[in-house]
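J.: Below you'll find the structure I mean.
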Amino acid sequence: PADRTEEELEVIYNRLRSIDAFDKYHPSLLQQMCYFGYYEDLDKGVTLFRQGDKGTNWYAVLAGSLDVQVIQTAPDQVCFYEVV
1 PADRTEEELE VIYNRLRSID AFDKYHPSLL QQMCYFGYYE DLDKGVTLFR QGDKGTNWYA
61 VLAGSLDVQV IQTAPDQVCF YEVV
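Residue numbering for the sequence shown follows UniProt numbering, beginning at 1 and increasing consecutively.
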């Protein structure tokens, strides 16, 4: 991320702005995401995280698809996720 050009930052910013899920975010937050975020190109079958893991990253799927599996362990447990 540190060696991105202004042109690359603009492309990333415009891509983020085109995603409905980012509509509510202030432009300065999107700019920070452009500066500090990074891409990962993952192979099929890779597990990003498992249920119960502490959340340390945030992911946006720009291309491809993913499978979300949630195991409800208690009757009063609330599970939430969004696949866009």
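No residue lacks a Cβ here, since even glycine has one placed at the ideal position from N, Cα and C.
Looking only at C-alpha atoms, which of 27, 42, 23, 34 sits nearest to residue 5?
T.: Position 5 of the sequence shown, counting from 1, holds the residue named residue 5. Ranking the options by Cα distance to residue 5, first place goes to 34.
J.: Taking the alpha-carbon positions, what's the residue 46 to residue 65 distance?
T.: What you label residue 46 is simply residue 46 of the sequence shown in a count that begins at 1. What you label residue 65 is simply residue 65 of the sequence shown in a count that begins at 1. Approximately 12 Å, taken between the alpha carbons.
J.: Suppose you measure from the CA of residue 27 to the CA of residue 12; what does that come to, to the nearest Å?
T.: As a working note, residue 27 is residue 27 in the sequence shown. As a working note, residue 12 is residue 12 in the sequence shown. Taking the straight line from one Cα to the other gives about 12 Å.
J.: Express the C-alpha separation of residue 76 and residue 58 in angstroms, rounding to a whole number.
T.: Counting from 1 along the sequence shown, the entry for residue 58 is found at position 58. Counting from 1 along the sequence shown, the entry for residue 76 is found at position 76. Distance between the alpha carbons of residue 58 and residue 76 is about 26 Å.
J.: Along the chain, where does the alpha helix (DSSP H) that runs through residue 31 open and close?
T.: Here residue 31 corresponds to residue number 31 of the sequence shown, with the count starting at 1. Residue 31 -> alpha helix (DSSP H) spans 27-36.
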